[in-house]
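Engineer: Pasting a structure here, questions to come.
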């Protein structure tokens, strides 16, 4: 995003964290193998969707707070 | 996926439980009333878990020694505590609910081997110990060893067995609520173990051969339960294994 020649950071995308195993759902990536196309907000994922890592339910996820785990994000 | 390991220790601390706090009185009353095929199936699954948990609680020490940093070592230590508890839980159920004979856990484990397929015994009493021995000699083999332990054994074999156990318990003519409660708690622990293993795999620069081996091992291992779990459950475990590996960053060619 650019305003008056100044490049601004895009608004932080909301990510969701699987509390049982640590998997992070990124809406930009979705979960194509789980039937969730890239670009799907977490709120629009069906309730019967399961974590691709551990099989936990959607209800086991919580929204990550801005800056949470700042030193541990992967590339 | 978050790349660090330290939060797994915090998570493990928050999930502690004690197998002796579970009430097995209803289970003891129900067991003699179960139909023969019901008790045979539950006992087969218990046998598999007794053999599996006993093995993993021993072999994880080699993994701990091969940890690449202190945070990873601390997580392996937390996992070892879980595995030891799981082994005590399934042995307690075998002895006090199912009445498996034996003066100690090792004797009861000996008695239970006849209730599972030889492939399951071979996986836990030969292949995993051999992998742990190799890891003790070569710490560089950690990723492939985690592939066998966390991704194949925990992610495919044990997870499929836990779901099969919960499905079986749901349909029994007489309830076993203590066993059910314990299996639910074991399953809760397994989720973070699998997450931890997936993290290690994701952080590693995995080659094609290692990735292919991990996939093939999972597909073969899903069958070690034999007819104690359904073909649909085996297919589901394999699908989830492949999906988990992809989510952990492994690309299949």
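Residue numbers (my numbering), protein chains in the order written: chain A, -5 to 69; chain B, 8 to 260. Every residue, glycine too, gets a C-beta built ideally from N, C-alpha and C.
Is the beta carbon of residue 154/B sitting closer than 8 Å to the one on residue 232/B?
Structural biologist: The answer is no: Cβ separation not under 8 Å.
Engineer: So residue 51/B and residue 122/B are in contact, right, with Cβ under 8 Å, and what is the actual spacing, rounded?
Structural biologist: About 5 Å; that satisfies the 8 Å criterion.
Engineer: Can you check whether the CB of residue 218/B is closer than 8 Å to the CB of residue 163/B?
Structural biologist: No, Cβ-Cβ distance for residue 163/B and residue 218/B is not below 8 Å.
Engineer: Extract the residue ranges of the alpha helix (DSSP H) inside the stretch 102 to 170 of chain B, only unbroken runs of 4 or more that lie entirely within it.
Structural biologist: Counting only runs of 4 or more, we get 112 to 119, 125 to 129, 135 to 144 and 149 to 153.
Engineer: Given a limit of 7 Å on CB to CB distance, which residues of the stretch 28 to 52 of chain A reach chain B?
Structural biologist: Of all residues in the stretch 28 to 52 of chain A, 28, 46, 47, 48, 49 and 50 have a Cβ within less than 7 Å of some Cβ in chain B.
Engineer: 8 Å is my cut-off, CB to CB: does residue 205/B come that close to chain A?
Structural biologist: Cβ-Cβ to chain A under 8 Å: yes for residue 205/B.
Engineer: Taking the DSSP output, what are the residues bridged to residue 25/A?
Structural biologist: Paired residues: 30/A.
Engineer: Please go through the same chain and pick out, in chain order, the residues whose beta-carbon is closer than 6 Å to the beta-carbon of residue 10/A, but skip the five residues on each side of it.
Structural biologist: These residues qualify, in order along the chain: 19, 36, 55 and 57.
Engineer: Using a beta-carbon distance below 8 Å, is residue 58/B in contact with chain A?
Structural biologist: No - not a single Cβ of chain A is within 8 Å of the one on residue 58/B.
Engineer: Can you give the beta carbon distance from residue 254/B to residue 47/A, rounded, assuming they're within the 8 Å contact cut?
Structural biologist: Indeed they touch by this definition, with Cβ atoms about 6 Å apart.
Engineer: Can you tell me the Cα-Cα spacing of residue 172/B and residue 140/B, whole angstroms?
Structural biologist: Looking at the two C-alpha atoms, the distance is approximately 31 Å.
Engineer: Among residues of its own chain, excluding the 5 on either side of residue 109/B, which ones have a beta-carbon nearer than 6 Å to its beta-carbon?
Structural biologist: So the qualifying residues of the chain are 115 and 118.
Engineer: Please classify residue 196/B: is it buried, with 16 or more other beta-carbons within 10 angstroms of its beta-carbon, or exposed?
Structural biologist: Buried, by the Cβ-count rule.
Engineer: Kindly give me the distance between the Cβ atoms of residue 49/A and residue 166/B, rounded to whole angstroms, as I take these residues to be in contact under 8 Å.
Structural biologist: Yes, residue 49/A and residue 166/B are in contact; Cβ-Cβ is about 7 Å, under 8 Å.
Engineer: Identify, in the order they occur along the chain, each residue of the same chain with its Cβ nearer than 8 Å to the Cβ of residue 28/A, setting aside the five sequence neighbours on each side.
Structural biologist: Contacts found: 43, 44 and 46.
Engineer: Pull up the CB-CB distance for residue 175/B and residue 57/B, whole angstroms please, since I reckon it's below 8 Å.
Structural biologist: That pair is no contact at about 16 Å.
Engineer: To the nearest angstrom, how far is the alpha carbon of residue 14/A from that of residue 198/B?
Structural biologist: Approximately 6 Å between the Cα atoms of the pair.
Engineer: Say whether chain A places a C-beta atom closer than 8 Å to the C-beta of residue 254/B.
Structural biologist: Closer than 8 Å: yes.
Engineer: Measuring only the C-alpha atoms, how far is residue 226/B from residue 220/B?
Structural biologist: Rounded to whole angstroms, residue 226/B to residue 220/B spans 10 Å at the Cα level.
Engineer: Note the first and the last residue of the continuous alpha helix (DSSP H) segment covering residue 20/B.
Structural biologist: 13 to 21 is the extent of the alpha helix (DSSP H) around residue 20/B.
Engineer: So within the stretch 25 to 97 of chain B, which uninterrupted alpha helix (DSSP H) runs reach at least 4 residues, ignoring any that extend past its ends?
Structural biologist: The qualifying runs are 32 to 37 and 43 to 72.
Engineer: Let's test the definition: count the other Cβ atoms within 10 Å of the Cβ of residue 246/B and tell me whether it reaches 16, buried, or not, exposed.
Structural biologist: Residue 246/B is exposed by the Cβ-count criterion.
Engineer: How big is the Cα-Cα spacing for residue 66/B and residue 33/A?
Structural biologist: Looking at the two C-alpha atoms, the distance is approximately 42 Å.
Engineer: Whole-angstrom Cβ separation of residue 113/B and residue 107/B, contact assumed at under 8 Å?
Structural biologist: With a Cβ gap of about 12 Å, residue 113/B and residue 107/B do not count as contacting.
Engineer: When you compare only the Cα positions, how much space is there between residue 76/A and residue 96/B?
Structural biologist: There is simply no residue 76/A to check, as chain A begins at -5 and stops at 69 in what is shown.
Engineer: Which value, in whole angstroms, describes the spacing of the CA atoms of residue 39/B and residue 61/B?
Structural biologist: Straight-line Cα distance between these residues: approximately 26 Å.
Engineer: Is residue 17/A helix, strand or coil when you go by DSSP?
Structural biologist: If DSSP states are grouped into helix, strand and coil, residue 17/A belongs with coil.
Engineer: In angstroms with no decimal places, state the Cα-to-Cα distance between residue 11/B and residue 215/B.
Structural biologist: Using only the alpha carbons, I get a separation of about 24 Å.
Engineer: Taking Cβ positions only, does residue 166/B come closer than 8 Å to chain A?
Structural biologist: Yes, residue 166/B counts as interfacial toward chain A.
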